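Chains as they are written, first to last, in our numbering: chain A, 6 to 311; chain B, 1020 to 1366; chain C, -18 to 331.
This report refers to the structure that appears directly beneath it.
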Amino acid sequence: MTNVIHPPESSSTVDESRTFWRDSWRILRRRWLFWFSLIIIIVFIAMAAFPEAFVAPSPGPDDPSGKFCLLTNDRLAPSAEHWYGTDVQGCDYYAQVTHGARVSLIVALFATLFSVTIGILLGGLAGFYGGWLDAFVSRIADGFFALPYLVGAIIVLSALTTQGSRQIWHVTVAIGSLGWPAVVRLYRSTVLQVKNLEYVQAARALGASDGRIIYRHILPNAIAPTLVYSTIGMGSVIAVEATLSFLGIGLPINSISWGIMLTEAGNRIENTPHLLIFPSIYLIVASLGFVLMGEQLREAFDPRQR
Amino acid sequence: MATVTSSTSSADCLRSGSDSSSDEVLLEVQDLTVEFHTDDGIVHAVSNMSWDINEGETLAILGESGSGKSVSVQAVMGLLPTPPAVIAGGSIRYRGTELVGASSDTLRSIRGSEVAMIFQDPLSALNPVYRVGWQIAETFRIGKRMSRKEANGRAIELMGRVGIPNPEQRARQYPHQFSGGMRQRAMIAMALALEPKVLIADEPTTALDVTVQAQIMDLLSKIQSENRMGLILITHDLGVVASVADRVVVMYAGRAVESGPADDFYAKPAHPYSQGLLSSVPKISGPTGKLNSIEGTPPSVIELPSGCAFHPRCPHSVDRCHSQAPELTAITDRTGHSACFLTEELL
Amino acid sequence: MSEQPLNPADDGEDPGELAEHRSGVDDDELLLDVRGLVKEFPQGSVWQRRRTGPVQAVSGVDLEVRAGQTHGLVGESGCGKSTVARTIVRLERPTAGQAFYNGRDLFAMSKSELRLVRRDIQIVFQDPFSSLNPRMNVQAIIEEPLVIHGVGDKADRKDKVIDLLDRVGLNPEHATRYPHQFSGGQRQRVGIARALALDPKLIIADEPVSALDVSIQAQVVNLFRELQADTGLGYLFIAHDLAIVRNISDDVSVMYLGRIVETGSRDDIFERASHPYTQALLSAVPEPDPVTERERERIVLEGDVPSPVDPPSGCRFRTRCWKAEPKCREEVPELVDRGAGHPVACHFPD
């Protein structure tokens, strides 16, 4: 046996369980803004999943959604009975706004997933292999950046809905397909940093396959900024969906989303301002929840905070 | 306003009895304690550290990474990040003026103009978007309210003095066009612009190649003797300061473990850590073979070992070292001080 | 040290070939023979190649490493010594040249041949902080070479990691920890353990101790020496610190601006240096001894190292050499023995 020196135990170690994610968690859990934004997000997710839990049970068999639609009650101002008033159909506006969460969040979630998946795939390949592939992907992404967002959305939406009516997934794909270039840029640049680190070189020198290097060494070390970005992005996607619907190029008019509600309310702002105010508040609070969460994650993931 | 008093505290340990003792004491740090209050606990960055520097003298503060060797000068220069850093005790005096807790006007009048500092990485200390000459001239324009033209002239003159060839031409270049050694010379020129009485150099040669290291050390020592400055060199490299240091302080785990005249230290280090450190440096001549090394690793500054912080790595440690921390005390028949119970036995 | 033969080669290669180059380590056996290595880096992007020529990082380097011996490669930053290391382990593609390992050219190998040889040639990196994946624990880091090469099953690998930790002076309990829980010196030991996992014959160590503290440097250099004494490893030891190279090397080569200027045994270089650059380099090394330091005559080199994009014609050192004559401008000095007893690339050696 060799007689090398055994360094003393634990001299420079702090505690056993410190990994990147646990360190981040330690930072996060002490921040009230993290918990605040988490509660906001949970409330909205619950609202989207189980709107019935938020709305009083239906009074009759002809009104299963609990919206209490009575045409005679149209455009009532907020009252004890109808907290947020009623809309043009005479439906309870509190119930409407609550039901609107589902569509808005579905669009936000899937549009973000869509753009992050494409972005990580293309950005990862471009960053890792470089050369022509990188040049090609980057120029395409640049092309998308040059396109004004709304113009792009109109083009994609009209291309998708040549026949039939617009559906939720059309809007989701439209928003997602405009979001990926930003993810490509971000993820590519982190991959470029990580791939030149010595532990990646070390794996390469050992003869590790590209797949192993990308999956084991690059992805876990490069994913954090993209995670943060997409969380912040969720907030803005909710707003984009509302904008598109507001402009009349988003969701079909018979679906319930905050964007649609705003569209309809915009025409009657003088007489019934409550129709505009309540969905706006929900929209802003939900977006804020995701943006705040993203900011907190960014600070927790930033090693300079340690 | 405090004046320099001669107390019997450990601050006097470093008042050297060498030929420079007749010179004025410029900067005096006494019993300085700096803590960093972090999430993981209190980091005892420096505990009860004392040193002083006279006119025309060179002091080397030696230590490995994490030993706290830079902390006391960062406190002098106001570079400690507060929070988390807290000066928990002690004093820093510049020619009798107390700097700890002084007004920002007082501090501004001393830092930069009376006490200047250069850093390890000259690239990050120079602004990449301005010409080097302009950056040096700026010091004259702001510090001495010179006209643009006069300041430029002085900048070029100073660049020549620090050994930058073709200074007129070089002044118009940007930092990235300078090599590492030239950048360090530009930094030195900038630090010298206001004719400071004390120059602090934090690892000035660490980022440089060996042939350039020698040039920069020669330059620093030449300028020091010309201007009769006090020069403080902070380094982990025992070799580069050997020929220029008058006195040394050796740091370990936030404490000074040995101090005294450089020649005595290099010829016969007193503290077991100093002995281990000096003997683990490989030499360019003499026998080769297995190197002496200090076992183990430096302690975490959050959880320092009990007693003497060096005892877990010390080949001579006795029971007492585990429980009791030795003070820096005078070494018999020598001007230096050592913080070890066994100093006399080991010498 | 009992080494159980962990299933050799599951990767479809001829196991007989593997057994052949694993058997019989002669001392002094020539392990690595690099001939005329050239590496140039083109500048610019794929859209636009720059008008300026390529960076000539390495311009014709010959090196030999023998089993059980250490070849030290010294030079200042930017001289190309790290590029030599990275090219030998094929992290970079060479522009020209050959590198024979057991008589076969590493630079001409197919991917699958190379994969097999990678088991024998390992690299240790400079930076103990960036050379270990922060998301993997020590067990996963050290066993990764075994996983990649399909050696042993899970239990075998676990035993092997414990054995390796012991060999590099770490405790078995360290296996479950993450890199940031270690000091720089301990991390470098983990990096060495990873390099040893496949029982290599040759280790390319690229500035393995220069990021470490003085007292830790000595520990790690000693570890390198012990491992060599135990297993007959050959080292190509790259460093800028001449004193450390002197301590560990049997042979030494000095590089300047992409070329080797002087090569020989340790004593040839440190006692009988005859190239002006080697002499200047040696005279600049500071010693921790004020008495010798004050007496020492230093050779101070003028100016800076020229750009490797446009290196000087003839002898590349001539722009800073006090002996330079017109001949140095016109003619590249060959690296041959000029009466000093070892090869020197200088027209006017001492």
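Glycine residues also receive a C-beta, built at the ideal position from the N, C-alpha and C atoms.
Predicted, not measured: the structure shown is a model, and the values here were computed from it.
- Between C/R240 and chain B, the shortest Cβ-Cβ separation is not below 8 Å.
- For the set B/V1260, B/Q1192 and B/C1327, the Cα lying nearest the Cα of B/A1275 is the one of B/C1327.
- Under the 8 Å criterion on CB atoms, B/G1295 is classed as interfacial with respect to chain C.
- By the neighbour-count criterion, in which a residue is buried when 16 or more other Cβ atoms sit within 10 angstroms of its Cβ, A/W263 is buried.
- If you look at B/G1273, you'll find it isn't in any alpha helix (DSSP H); DSSP assigns it neither H nor E.
- Under the Cβ distance rule, C/P153 does not count among the residues neighbouring chain A, no pair being separated by less than 8 Å.
- Residues of the segment 214 to 233 of chain A with a Cβ closer than 9 Å to any Cβ of chain C, in chain order: S214, R217, R221, H222, P225 and N226.
- Out of C/T68, C/E312 and C/G172, the CA that lies nearest to the CA of C/S111 is found in C/G172.
- Linking C/P181 to C/Q103 through their CA atoms gives a straight-line distance of about 6 Å.
- Fully contained in the segment 121 to 153 of chain A are the following alpha helix (DSSP H) runs of length 4 or more, in chain order: 136 to 151.
- Interface flag for A/Y204 against chain C is set, since a Cβ pair is found closer than 8 Å.
- Contact note: C/P126 reaches chain A through L211, using a C-beta cutoff of 7 Å and chain order.
- Residue pairing by DSSP places B/I1061 opposite B/H1056 in a beta bridge.
- Here the alpha carbon of C/F106 sits roughly 37 Å from the alpha carbon of B/V1095.
- Identification of chain C residues near B/T1307 by a Cβ-Cβ cut-off of 7 Å yields R227 and N228, ordered along the chain.
- With 16 or more other CB atoms across the displayed protein chains lying within 10 angstroms of its CB, C/N114 is buried.
- Of all alpha-carbon atoms in A/R31, A/A146, A/R34 and A/F119, the one lying nearest the alpha-carbon of A/A131 is that of A/A146.
- Looking at the DSSP output, C/E45 bridges to C/D14.
- Taking C-beta separations shorter than 7 Å and ignoring five residues to either side along the sequence, the partners of C/H161 in its chain run P115, following chain order.
- With contacts defined as CB atoms closer than 8 Å, B/E1277 and B/A1358 qualify as a contacting pair.
- Using a CB distance cut-off of 8 Å, C/H52 does not count as an interface residue toward chain B.
- Boundaries of the beta strand (DSSP E) harbouring B/R1112: A1104 to Y1113, taken from the DSSP string.
- Secondary structure note for C/V242: its beta strand (DSSP E) is the uninterrupted segment R240 to S246.
- Contiguous alpha helix (DSSP H) elements confined to the segment 182 to 269 of chain A occur at 203 to 210 and 224 to 251, taking only those with 4 or more residues.
- Beyond the five residues adjoining it in sequence on each side, C/F22 comes within less than 7 Å, by CB distance, of P35, V36 and A38 in the same chain, given in chain order.
- B/Q1232 counts as buried, since no fewer than 16 other beta carbons sit within 10 angstroms of its beta carbon.
- Flagged as an interface residue toward chain A: C/H130, by a C-beta distance shorter than 8 Å.
- Runs of the alpha helix (DSSP H) lying entirely within the segment 1216 to 1289 of chain B and spanning at least 4 residues, in chain order: 1229 to 1246 and 1281 to 1286.
- Annotated as proximal: B/L1218 and B/L1250, with beta-carbon spacing under 8 Å.
- Per DSSP, the continuous alpha helix (DSSP H) segment holding B/L1296 begins and ends at P1291 to S1298.
- As DSSP reads the structure, C/K20 sits in a beta bridge with C/V39.
- Between the C-alpha atoms of A/G124 and A/G136 there is a straight-line separation of about 18 Å.
- Inter-residue distance for B/D1228 and C/Q260 is about 15 Å (C-alpha atoms, whole angstroms).
- A distance of 8 Å or more separates the beta carbons of B/L1361 and B/L1297.
- Counting along the chain, the unbroken beta strand (DSSP E) around C/S234 starts and ends at D232 to Y237.
- Your pair A/G299 and A/I237 checks out as a contact, with CB atoms roughly 3 Å apart and the cut at 8 Å.
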